[in-house]
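*Asks:* Using my numbering, the letters of the sequence shown map in sequence onto residues 188 to 420. Beta carbons: idealized from backbone N, C-alpha and C, even for Gly. If you're wondering where the values come from, they're calculated on a predicted model, not measured in any experiment. Structure incoming, see below.
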Amino acid sequence: MSLHHTPRPQWLTFDCYGTLIQWDEGLQAVFAEILRTKNAPHVDPATLIAVYDRHEHALEQSPPHRSFREVSGTALHLALAELGLPSQADDGLRLTERIGAMPPFPEMVGALQQLKARGYRLCIISNTDDDIIAGNVAQLGGCIDRVITAQQGGAYKPARQLFEYAYAQLQVAKEDVVHICASPHLDHAAARDIGFRCVWIDRGRRSPLPDYSPDATLPTLAGVPALFDTLGW
Numbered sequence: 188m189s190l191h192h193t194p195r196p197q198w199l200t201f202d203c204y205g206t207l208i209q210w211d212e213g214l215q216a217v218f219a220e221i222l223r224t225k226n227a228p229h230v231d232p233a234t235l236i237a238v239y240d241r242h243e244h245a246l247e248q249s250p251p252h253r254s255f256r257e258v259s260g261t262a263l264h265l266a267l268a269e270l271g272l273p274s275q276a277d278d279g280l281r282l283t284e285r286i287g288a289m290p291p292f293p294e295m296v297g298a299l300q301q302l303k304a305r306g307y308r309l310c311i312i313s314n315t316d317d318d319i320i321a322g323n324v325a326q327l328g329g330c331i332d333r334v335i336t337a338q339q340g341g342a343y344k345p346a347r348q349l350f351e352y353a354y355a356q357l358q359v360a361k362e363d364v365v366h367i368c369a370s371p372h373l374d375h376a377a378a379r380d381i382g383f384r385c386v387w388i389d390r391g392r393r394s395p396l397p398d399y400s401p402d403a404t405l406p407t408l409a410g411v412p413a414l415f416d417t418l419g420w
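Here it is, written out as structure tokens:
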């Protein structure tokens, strides 16, 4: 697939965590902190993250719809229990507070400012709650025009419901959007199923889906303006 010979989009939509915000780094730090409170040097943060991710994704796709605050707290409790570790009532709060404070990647604000200056409208579509993501958006230089969350749409990616809710809110069709993301498991699966244009920010941390190829692949968001130059956008 290719973006060549396709129309310039009105909106650029972005995944937040892992694309704009340093998710892996932030999660590693907070889970290491949580493990220190459990006196569990035998458990590596990466192990806890892997178990937590499995529970988080399962809960997001299991009815009824729950807030991300509830999903993340429950997933952390289940992950700790699976690893034989105790849970405290404030573990989930510690996690969501740290998620909301995670910083952007170093190139992020400059790249967003360039895209904004070129007349694109910028929207985040994220599997989170409004109050959690507010702290992350506040670090993005005032560039973001809209933030659409799972809390608003009542669904989590990769479900098409969240994207269809976003298009309705933006009053555009999928043809009017290019989505920019780092997550094959969530965003590429949605792009495959819905058919929107997609730029993959491949930071070397995720494996591609076997049955989907993004329209373009870049190592960081800094390359997006130059990519759009080659397209005449």
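For Ala360, does the three-state DSSP call read helix, strand or coil?
*Replies:* Here residue 360 is taken as the residue at index 173 of the sequence shown, counted from 1. Ala360 falls in the coil class under three-state DSSP.
*Asks:* By Cβ distance below 7 Å, which residues in the same chain neighbour Leu235 in space, the five residues on each side in sequence not counted?
*Replies:* Translated into positions along the sequence shown, residue 235 becomes position 48. Answer for Leu235: Phe218, Leu222, Ala266 and Leu270, listed in chain order.
*Asks:* So who's on the other strand from Tyr204, going by DSSP bridges?
*Replies:* By one-based count along the sequence shown, residue 204 stands at place 17. For Tyr204, which the question treats as bridged, DSSP gives the partners Ile208.
*Asks:* Whose CA, out of Gln215, Leu405, Leu357 and Gly382, lies closest to the CA of Leu282?
*Replies:* On the sequence shown, residue 282 is found 95 positions in, with the first residue counted as 1. Of the candidates Gln215, Leu405, Leu357 and Gly382, the one whose C-alpha sits nearest the C-alpha of Leu282 is Gln215.
*Asks:* Is it the case that the Cβ atoms of Glu243 and Ala262 are separated by a distance below 7 Å?
*Replies:* Here the question's residue 243 lines up with position 56 in the sequence shown. Here the question's residue 262 lines up with position 75 in the sequence shown. Yes, the pair counts as a contact, with Cβ atoms nearer than the cut-off.
*Asks:* Who are the near neighbours of Ala227 in its chain, counting only those whose CB is closer than 7 Å to its CB and skipping five residues on each side?
*Replies:* Residue 227 sits at position 40 when you count from the first residue of the sequence shown. Same-chain partners within the cutoff: Leu272.
*Asks:* On the DSSP bridge list, what partners appear for His372?
*Replies:* Locating residue 372 in the sequence shown gives position 185, counting from the first residue. None, per the DSSP bridge assignment.
*Asks:* On the three-pair Cβ rule with 8 Å, is the region 343 to 350 touching the region 326 to 334?
*Replies:* With a cut-off of 8 Å, the region 326 to 334 and the region 343 to 350 do not count as touching, because too few Cβ pairs lie within range.
*Asks:* Take Gly391 as the anchor and find which of Ala237, Ile367 and Thr404 has the nearest alpha-carbon.
*Replies:* For the purposes of this step, residue 391 is identified with residue 204 of the sequence shown, where counting begins at 1. Checking every option, the nearest Cα to that of Gly391 belongs to Thr404.
*Asks:* Quick one: is Cys368 near chain D, going by C-beta distance under 7 Å?
*Replies:* Among the protein chains of the structure shown there is no chain D, as only one such chain exists.
*Asks:* On a CA-only basis, which of Thr200, Gly341, Ala325 and Thr206 is nearest Thr407? Give me that one, please.
*Replies:* In the sequence shown, residue 407 corresponds to position 220, counting from 1. When only C-alpha atoms are compared, the closest one is Thr206.
*Asks:* Let me know if Gly419 comes out buried or exposed under the rule of 16 or more other beta-carbons within 10 Å of its beta-carbon.
*Replies:* As a first step, residue 419 is located in the sequence shown; it is residue number 232 there, counting from the start. Label assigned to Gly419: exposed.
*Asks:* Would you mind giving the Cβ-Cβ distance between Ile311 and Val334, rounded to the nearest angstrom? I have them listed as a contact below 8 Å.
*Replies:* Here the question's residue 311 lines up with position 124 in the sequence shown. Here the question's residue 334 lines up with position 147 in the sequence shown. Contact holds; Cβ gap of about 5 Å.
*Asks:* Check Ala227 in the structure and name its three-state DSSP category.
*Replies:* Sequence index remark: in the sequence shown, residue 227 carries index 40 (1-based). Correct three-state label for Ala227: coil.
*Asks:* Along the alpha helix (DSSP H) that carries Ala268, what are the first and last residues, could you check?
*Replies:* One-based indexing of the sequence shown puts residue 268 at position 81. Phe255 to Glu269 is the span of the alpha helix (DSSP H), which, as asked, contains Ala268.
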